[in-house]
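Visitor: Quick one: this structure, given as structure tokens, is what I'll be asking you about.
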Amino acid sequence: MGFFSTVFGFLGFGVGVSSGLVIGYYLFVYFQPSDVKDPVVRRLVEHDSKNLRGLLPEIPFWVKNPDYDRMDWLNRFIEVMWPYLDKAICRTAKNIATPIIAEQIPKYKIESVEFETLTLGSLPPTFQGMKVYLTEEKELIMEPFLKWAGNPNITVAVKAYGLKATIQVVDLQIFAQPRITLKPLVPSFPCFANIFVSLMEKPYVDFGLKLFGADLMSIPGLYRFVQELIKDQVANMYLWPKTLDVQILDPTKAMQKPVGILHVKVLRASKLRKKDLLGGADPYVKLKITESKAPSKKTAVKHKNLNPEWNEEFSMVVKDPETQALELLVYDWEQVGKHDKMGMNVVPLKELPPDEAKVMTLDLLKNMDPNDGQNDKMRGQIEVELTYKPFKEEDMPHNTENTGEVQKAPEGTPSGGGLLVVTVHEAQDVEGKHHTNPYVRINFKGEERKTKQVKKSRDPRWEEEFSFTLEEPPTKERMHVEVCSTSSRIGLLHPKETLGYIDIGLADVVANKRINEKFHLIDSKNGRLQIELQWRTS
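Printed below as a string of structure tokens:
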């Protein structure tokens, strides 16, 4: 009886399955709708925001924010370089973390903490877009939007009380929007002195944490607690306006800030060689600090005198006494034509003792080439008194990262007045009718200063600084600044023309201590001139 029931059971199961398949197929075919319409294809702009979120859950940041630029080129670069960046970053992180861990673990009775494996995986981070801010200061501000859904493998082995525990970090996700500021911008490679990094909002951080092979993040409540703890800790350290500061160069040296003043007193010259047809000479001395953009200084001309006495004093700014030198050149003045060079010599500033006057008598040479035999000829001598006065520590600029800081006026500035410092940065869209070789001319209280000339440029950059020592604050004064152009061609009908000008009232400069603006030039179609003015008091 049992045998027959088993056989009939199998037969019933087979018949039932076969019948079910046949009936199901028949119903599927019979009840299949026949009024199915073709899908309607519509452009993205015709969808509402709800449909777009369903169609494009990961909209690139540059699509949602038009002021962000695409970073496809950078993502492609990182993708190609990622295998090498992975190793370099992991090696650097391990070298930084190892001594810190070794210093901290004795406090917690831990024997050792070691990285068993450390790799960031094969998936590189991507930049969804980047926004760049343009300011009038010497800085570059960037705000990239970073997403990284990586597959790192970070395994840390912890030994304590004779036991070993292995902790593994996997499936890391980070979404962050940092602000990266490079400042101050300097004329030394890599062209910025500091990097400042801050977060504009709390980052999103998600990861898996395994202990003995079990996922700790699956414990109820622990996942959210760890996420919020990481967000709060990172925000407390780096959420704007707090920053992570990384110094790349010494700002004082990179920006070549003044470190002292060289006082030069040109006393006299003797036994100069005759230059004129009648057996005389009209000598004067030209002084210049090497590796400096400051204009050279000149003494008065002593007519028909081969043993002139000047007793004239000059002050010159020093930025690097180890490499700079004072260059002394004696010329014979000519009313027509080029002035003849009578001789020269150079005094390295590192040979001068600080705060001590040193009288030097120097032989005049043709040039500074020691192998030139003509330097053996007697050309006369020049006597000067040199005093190098380095700035005191309290007078040196300490916060060089703050490009808007106003320094104090140097020693010797009138107590009721101050020092007006004018920095001519650049011009844009200046154009002359006949030629465009712009330079800037500054007229203030009867004094005139000029920048160097930039040939054939509608967007010249000067970065030249001028100073005016005043007995009282110039609250009612105005400064006339003019952009001019001259042609070097002889016989041109229009050798000089004005490209635009501005008149700047100085009351705001005295009140605010500093302004840095781009002024629209008068009598210019689109020309603009960026000038920075500082009022420094002692």
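If you're matching positions, the sequence shown starts at 2 in my numbering and goes up one per residue.
By construction, the Cβ of each residue, glycine as well, lies at the ideal position given by its N, Cα and C atoms.
Note that the structure is predicted; figures quoted are calculated from it, not measured.
1) Which stretch, first to last residue, makes up the alpha helix (DSSP H) that contains Met496?
2) I think Glu561 touches Lys351, with their Cβ atoms under 8 Å apart; what is that distance to the nearest whole Å?
3) Considering Cα atoms alone, identify which of Ile168, Glu104, Asp172, Lys139 is closest to Leu559.
4) Can you find the residues in the same chain that come closer than 6 Å, C-beta to C-beta, to Thr452, ignoring five residues on each side of it along the sequence?
5) Should Ala177 and Pro204 be called a contact, given that it needs their Cβ atoms to be closer than 9 Å?
6) Indicate the three-state DSSP secondary structure (helix, strand or coil) for Ile111 in the structure shown.
7) Tell me where the beta strand (DSSP E) around Arg269 begins and ends.
8) Measure from the alpha carbon of Asp460 to the alpha carbon of each residue in Leu263, Thr437, Ala358, Gln382, then state which is nearest.
9) With 16 other CB atoms within 10 Å as the buried threshold, where does Thr401 fall?
10) On the DSSP bridge assignment, give the partners of Met361 in chain order.
11) So what's Pro398 in DSSP terms, helix, strand or just coil?
12) Check this for me: beta carbons of Leu200 and Tyr239, under 9 Å apart or not?
13) Note the first and the last residue of the continuous alpha helix (DSSP H) segment covering Met201.
14) Measure the beta-carbon distance from Glu140 to Thr182 and round it to whole angstroms, keeping in mind my assumption that it falls under 8 Å.
15) Do Phe315 and His264 come within 9 Å of each other at the CB atom, strictly closer than that value?
16) Go through its chain and collect everything with a Cβ distance to Gly506's Cβ below 6 Å, but skip five positions before and after it.
17) Over the uninterrupted beta strand (DSSP E) stretch that includes Thr470, give me the two end residues.
18) Can you tell me the Cα-Cα spacing of Lys359 and Leu534, whole angstroms?
19) What would DSSP say about Cys192, mapped onto helix, strand or coil?
20) Determine the direct distance from the alpha carbon of Phe469 to that of Gly417, and round the result to whole angstroms.
21) What does the alpha-carbon distance come out to for the pair Ile175 and Thr118?
22) Considering only C-alpha positions, which residue in the set Asp283, Pro296, Asn195 is nearest to Asp246?
23) Do Lys320 and Leu330 count as a contact pair if the criterion is CB distance below 9 Å?
24) Just to confirm before moving on: does the CB-CB distance between Val114 and Val81 stay below 9 Å?
25) Quick check: the Cα distance between Gly222 and Glu229, rounded to an integer number of angstroms?
26) May I ask whether a heavy atom of the ligand ADP can be found less than 8 Å away from the beta carbon of Asp373?
27) Quick check on the burial criterion: 16 or more other C-beta atoms within 10 angstroms. Buried or exposed for Asn403?
28) Per DSSP, what kind of secondary structure is Asn66 in: helix, strand or coil?
29) According to DSSP, simplified to helix, strand and coil, what is Ser316?
30) Report yes if the C-beta distance between Val206 and Ile231 is below 9 Å; otherwise report no.
31) Tell me whether Thr93 sits in a helix, a strand or coil according to DSSP, three-state version.
32) Going by other Cβ atoms of all chains shown within 10 Å of its Cβ, with 16 needed for buried, is Gly419 buried or exposed?
33) Quick one: residues in its chain with C-beta nearer than 8 Å to the C-beta of Pro126, no 5 flanking neighbours on either side, listed in chain order?
34) Note the first and the last residue of the continuous alpha helix (DSSP H) segment covering Arg380.
35) To the nearest angstrom, report how far apart Gln105 and Leu75 are at their CA atoms.
Guide: If we stick to the structure as given:
1) Rather than Met, the amino acid found at residue 496 in this sequence is Pro. Segment: none, Pro496 is in no alpha helix (DSSP H) and carries neither H nor E.
2) It is not possible to answer for residue 561, since the shown part of the chain is limited to 2 through 539.
3) Given a span of 2 to 539 for the chain in the structure shown, any question on residue 559 remains unanswerable.
4) Only residues of its own chain outside the window of five on either side were considered, and among them Val425, Tyr440, Val441, Trp463, Glu465 have a CB closer than 6 Å to the CB of Thr452, listed in chain order.
5) Yes.
6) It is coil, neither helix nor strand.
7) 261-271 is the extent of the beta strand (DSSP E) around Arg269.
8) Closest by alpha carbon: Thr437.
9) Because the pLDDT of Thr401 is 45, which lies under 50, any placement of that residue in the model is unreliable, and the number read from its coordinates should be weighed accordingly. So Thr401 ends up on the buried side.
10) According to DSSP, which records beta bridges pairwise, Met361 is partnered with Val385.
11) Only weak support exists for where Pro398 lies, its pLDDT of 49 falling under 50; the coordinates are left without a value.
12) Yes; because the gap between Cβ atoms is below 9 Å, this pair is in contact.
13) Per DSSP, Met201 belongs to no alpha helix (DSSP H) and is neither H nor E.
14) With a Cβ gap of about 6 Å, Glu140 and Thr182 count as contacting.
15) Between His264 and Phe315, the C-beta spacing is below 9 Å.
16) By the criterion of a C-beta distance shorter than 6 Å, Gly506 is surrounded in its chain by Arg479, once the five residues flanking it on both sides are discounted.
17) First-last of the beta strand (DSSP E) with Thr470: 462-471.
18) Taking the straight line from one Cα to the other gives about 36 Å.
19) Collapsing the DSSP output to three states places Cys192 in coil.
20) Spanning the two alpha carbons is a distance of roughly 14 Å.
21) Here the alpha carbon of Ile175 sits roughly 20 Å from the alpha carbon of Thr118.
22) Asp246 has its Cα closest to that of Asn195, out of Asp283, Pro296, Asn195.
23) Not a contact, by the Cβ cut-off of 9 Å.
24) For the 9 Å CB-CB criterion, Val114 and Val81 do not form a contact.
25) If you take the alpha carbons of Gly222 and Glu229, they lie about 11 Å apart.
26) In the structure on display, the ligand ADP does not appear, and there are no ligands present to speak of.
27) For Asn403, the predicted model reports a pLDDT of 48, less than 50, meaning its position is unreliable; a value from the coordinates is still stated below. By the 10 Å Cβ count, Asn403 comes out exposed.
28) When secondary structure is reduced to three states using DSSP, Asn66 falls in the coil class, being assigned neither helix nor strand.
29) Note: Ser316 maps to strand in three-state DSSP.
30) Going by C-beta atoms, Val206 is nearer than 9 Å to Ile231.
31) Three-state DSSP puts Thr93 in a helix.
32) Buried is the call here.
33) Sequence-distant Cβ neighbours of Pro126 in its own chain, meaning closer than 8 Å and more than five residues away, are Ile79, Leu147, Lys148, Trp149, Gly151, Ile175.
34) Counting along the chain, Arg380 falls outside any alpha helix (DSSP H), and DSSP gives it neither H nor E.
35) Between the alpha carbons of Gln105 and Leu75 lies a gap of roughly 38 Å.
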